[in-house]
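Undergrad: Take this structure first; my questions come after.
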Amino acid sequence: MSPSRRIIEPFRIKVVEPIRMTTAEERLMHLRDAGYNVFKLRGEDVLIDLLTDSGTSAMSSEQWAAVMRGDEAYAGSRSWYRFEAAVKEIFGFFHVIPTHQGRAAERILFSTICKPGDVVPSNTHFDTTRANIEAMGADAVDLPIPEGLVPARFHPFKGNMDVDRLRALIAEVGAGRIPICMLTVTNNTGGGQPVSMANIKAVSAVCREHGIPFYLDACRFAENAFFIKLREDGYADVAPKAIAQEMFSYTDGCTMSAKKDGLANIGGFLCTNDAALSRQEENLLILTEGFPTYGGLAGRDLDAIAVGLEEVLHEDYLTYRIEVSRYLGEHLTEGGVPIMQPPGGHAVYIDAAAFLPHVPARQLPGQSVAAELYLDGGIRAVEIGTVMFGRRDPETGQESTAKMELVRLAIPRRVYTKSQIDYLVDVTLDVYRRREAIGGFRFVEQAPVLRHFTATFEPLYPMEATP
Ligand SMILES: Cc1ncc(COP(=O)(O)O)c(C=O)c1O
Numbered sequence: 022m023s024p025s026r027r028i029i030e031p032f033r034i035k036v037v038e039p040i041r042m043t044t045a046e047e048r049l050m051h052l053r054d055a056g057y058n059v060f061k062l063r064g065e066d067v068l069i070d071l072l073t074d075s076g077t078s079a080m081s082s083e084q085w086a087a088v089m090r091g092d093e094a095y096a097g098s099r100s101w102y103r104f105e106a107a108v109k110e111i112f113g114f115f116h117v118i119p120t121h122q123g124r125a126a127e128r129i130l131f132s133t134i135c136k137p138g139d140v141v142p143s144n145t146h147f148d149t150t151r152a153n154i155e156a157m158g159a160d161a162v163d164l165p166i167p168e169g170l171v172p173a174r175f176h177p178f179k180g181n182m183d184v185d186r187l188r189a190l191i192a193e194v195g196a197g198r199i200p201i202c203m204l205t206v207t208n209n210t211g212g213g214q215p216v217s218m219a220n221i222k223a224v225s226a227v228c229r230e231h232g233i234p235f236y237l238d239a240c241r242f243a244e245n246a247f248f249i250k251l252r253e254d255g256y257a258d259v260a261p262k263a264i265a266q267e268m269f270s271y272t273d274g275c276t277m278s279a280k281k282d283g284l285a286n287i288g289g290f291l292c293t294n295d296a297a298l299s300r301q302e303e304n305l306l307i308l309t310e311g312f313p314t315y316g317g318l319a320g321r322d323l324d325a326i327a328v329g330l331e332e333v334l335h336e337d338y339l340t341y342r343i344e345v346s347r348y349l350g351e352h353l354t355e356g357g358v359p360i361m362q363p364p365g366g367h368a369v370y371i372d373a374a375a376f377l378p379h380v381p382a383r384q385l386p387g388q389s390v391a392a393e394l395y396l397d398g399g400i401r402a403v404e405i406g407t408v409m410f411g412r413r414d415p416e417t418g419q420e421s422t423a424k425m426e427l428v429r430l431a432i433p434r435r436v437y438t439k440s441q442i443d444y445l446v447d448v449t450l451d452v453y454r455r456r457e458a459i460g461g462f463r464f465v466e467q468a469p470v471l472r473h474f475t476a477t478f479e480p481l482y483p484m485e486a487t488p
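Under my numbering, the first residue of the sequence shown carries the number 22, and numbering increases by one thereafter.
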């Protein structure tokens, strides 16, 4: 095949779901009703929904067929054994604990191994991971490489952890206070950026030296494996599945949301090689999620995940998957829109601080970009900046700001066509052209934890349907 040949969607469409056009006037009304928080919009009022790539995948005909094979026996169903075999085949751990989604795996893990005063390092913790660690009174510490914090800077593995900082942290607090060290692959909060095999190995070596269990937050393990294939020396001829198996071979366990690279609409799991730990975790699972052979999932969900885990490692699927974000990133960059470079695996992140340089972090520039994308073209994106990671001091009312002000355009797997991506580019460029007329936002209401889900806002500039 000629190298200039276009990469196409490696599937054809069998079932369609209509999406609804709305007018700018309607969208302004919906935004006001939602307190300008896009999480509070009705899905039917959104044209292109890029809020998340989590649980939004289109399942394949094989997955739907697997759903029909689902065995709903309470204990020891055939679905469980198919699921367990699929997980063990790729992830390679001895013990697999099914959960209804990733954060349930996190809660079970951290409430089993963390105590107040502990410290949990990661390249960058995802918000639910951080919240579950902090809920145990432990400290969640991010140790990204310096390049990871500069959106415009190119680095092939911007998701890497700074191994020197990890060593320094261990020297400072002592290995006894670090019950676990994690790497998020790909690094979602850090821009969907991959972690290299060399970095996984280096972090693993430091952890082994100090007797610290090392886990992957494996939500996007297949995309990470494919980036290793594309960008790391020695992996060009290795199959994505073998790369994934090697990634897990350096670790002691993982948390997983099957709503991402499980290509399923619900589900997750927790893995470990530690038999005593897995017994403790199973006891907690029974208390809150369900019996250890279903863990809060229906048999049909387990079967859909088993097939999804196999499909997600197909090379033609991964080629197309990474191409979508590359294509989107390239077209936004050509139009001058500042984005986190290079584009991540599951998403393109707009650098809202550079998009709206006249809006200070305290006036939530990412919130402005997210609201304007919806107003302009019915596109729902998510702020990953001060709204998500800043904090209001309950005593002084002072707001802290995030390290970066990003807006994530997360791409659901196998859902949108290339012309819909082209429309997304058009809308984003239109918003960018009139950026000088866009101002900031302020909080009206906010919850003490995970405030971005429920907060309400108001614009500090006249937001108009026909700008
Ligand atoms: C890196 C990462 N970890 C954990 C989670 C939590 O998974 P879930 O939404 O299934 O609870 C997510 C979800 O977006 C994630 O991106």
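We put the CB at the ideal spot given by N, CA and C, even for glycine.
At a cut-off of 7 Å, would you count Thr205 as near ligand 1, judging by its Cβ distance to the nearest heavy atom?
TA: Correct: Thr205 has its Cβ closer than 7 Å to ligand 1.
Undergrad: Which class does Tyr370 belong to by DSSP, given the choice of helix, strand or coil?
TA: Strand.
Undergrad: Quick one: residues in its chain with C-beta nearer than 8 Å to the C-beta of Ala296, no 5 flanking neighbours on either side, listed in chain order?
TA: Here the set comprises Phe115, His116.
Undergrad: Mind reading off the beta-carbon distance from Leu79 to Arg401? Whole number of angstroms is fine, and I expect it under 8 Å.
TA: The sequence as given places Ala at residue 79; Leu does not occur at that position. Actually they do not touch by this definition, with Cβ atoms about 17 Å apart.
Undergrad: Buried or exposed: where does Arg463 fall if 16 or more other Cβ atoms within 10 Å of its Cβ makes it buried?
TA: Exposed is the call here.
Undergrad: Whether or not the stretch 342–357 and the stretch 255–267 are in contact is what I'm after, with contact meaning three or more pairs of Cβ atoms, one per stretch, closer than 8 Å; do they touch?
TA: Contact between the stretch 255–267 and the stretch 342–357 is absent, because fewer than three Cβ pairs lie under 8 Å.
Undergrad: At which residue ranges does the stretch 276–313 contain complete alpha helix (DSSP H) runs of 4 or more residues, listed in the order of the chain?
TA: Complete alpha helix (DSSP H) runs here, min 4: 296–309.
Undergrad: Hey, how far is the Cα of Phe131 from the Cα of Arg33?
TA: Their Cα atoms are separated by approximately 42 Å.
Undergrad: For Tyr4, which residues from the same chain have a beta carbon less than 8 Å from its beta carbon, with the 5 sequence-adjacent residues on both sides left out?
TA: This structure cannot settle anything about residue 4, because the visible part of the chain is limited to 22 through 488.
Undergrad: For a cutoff of 8 Å on Cβ pairs, would you count Val358 as touching chain C?
TA: Given the protein chain composition of this structure (a single chain), no chain C is represented.
Undergrad: Is Arg103 closer than 8 Å to Asp324 when the C-beta atoms are compared?
TA: In this structure, Arg103 lies closer than 8 Å to Asp324 by Cβ.
Undergrad: Is Ser278 near ligand 1, judged by its Cβ being under 7 Å from some heavy atom?
TA: The answer is yes for Ser278.
Undergrad: Do Cys202 and Val224 count as a contact pair if the criterion is CB distance below 8 Å?
TA: Yes. Within cutoff.
Undergrad: Does the distance between the C-beta of Ser75 and the nearest non-hydrogen atom of ligand 1 fall short of 7 Å?
TA: Yes.
Undergrad: Taking a contact to mean a Cβ-Cβ separation below 8 Å, would you say Leu427 touches Gly180 in this structure?
TA: Going by C-beta atoms, Leu427 is not nearer than 8 Å to Gly180.
Undergrad: Looking at ligand 1, does it come within less than 7 Å of Gln122, judged from the CB to the closest heavy atom?
TA: Checking every heavy atom of ligand 1 against the Cβ of Gln122, one is found closer than 7 Å.
Undergrad: Using 7 Å as the cut-off, classify the Cβ of Asp238 as near or not near the heavy atoms of ligand 1, replying yes or no.
TA: Indeed, a heavy atom of ligand 1 lies less than 7 Å from the Cβ.
Undergrad: Mind reading off the beta-carbon distance from Ala125 to Gly317? Whole number of angstroms is fine, and I expect it under 8 Å.
TA: With a Cβ gap of about 7 Å, Ala125 and Gly317 count as contacting.
Undergrad: Could you compute how far the alpha carbon of Arg413 sits from the alpha carbon of Thr475?
TA: Whole-angstrom Cα-Cα distance: 15 Å.
Undergrad: In whole angstroms, what is the alpha-carbon distance linking Tyr236 and Asp185?
TA: Straight-line Cα distance between these residues: approximately 18 Å.
Undergrad: If you compare alpha carbons, which of Arg48, Arg454, Leu190, His176 is closest to Pro160?
TA: Reading off the sequence shown, one finds Asp at residue 160, where the question assumed Pro. Taking only the C-alpha atoms, the option nearest Asp160 is Leu190.
Undergrad: List the endpoints of the continuous alpha helix (DSSP H) containing Phe478.
TA: Careful: Phe478 lies outside any alpha helix (DSSP H), inside the beta strand (DSSP E) at 477–480.
Undergrad: Would you call the CB atoms of Leu394 and Thr354 closer than 8 Å?
TA: No, these two residues do not count as a Cβ contact at 8 Å.
Undergrad: State the Cα-Cα distance for the pair Ile29 and Tyr341, rounded to the nearest angstrom.
TA: The alpha-carbon atoms of Ile29 and Tyr341 are separated by roughly 7 Å.
Undergrad: Can you pull the DSSP bridge partners for Ala252?
TA: The question names Ala, but residue 252 is Arg in the sequence shown. Note: Arg252 sits in no beta bridge, so no partner.
Undergrad: Could you spell out where the alpha helix (DSSP H) holding Cys228 opens and where it closes?
TA: Where Cys228 is concerned, the enclosing alpha helix (DSSP H) stretches over 218–231.
Undergrad: Is it right to say Gln214 is buried, meaning 16 or more other beta carbons lie within 10 angstroms of its own, or is it exposed?
TA: Result: buried.
Undergrad: Kindly indicate the opening and closing residues of the beta strand (DSSP E) around Asp443.
TA: Asp443 -> not in any beta strand (DSSP E); alpha helix (DSSP H) instead, spanning 439–454.
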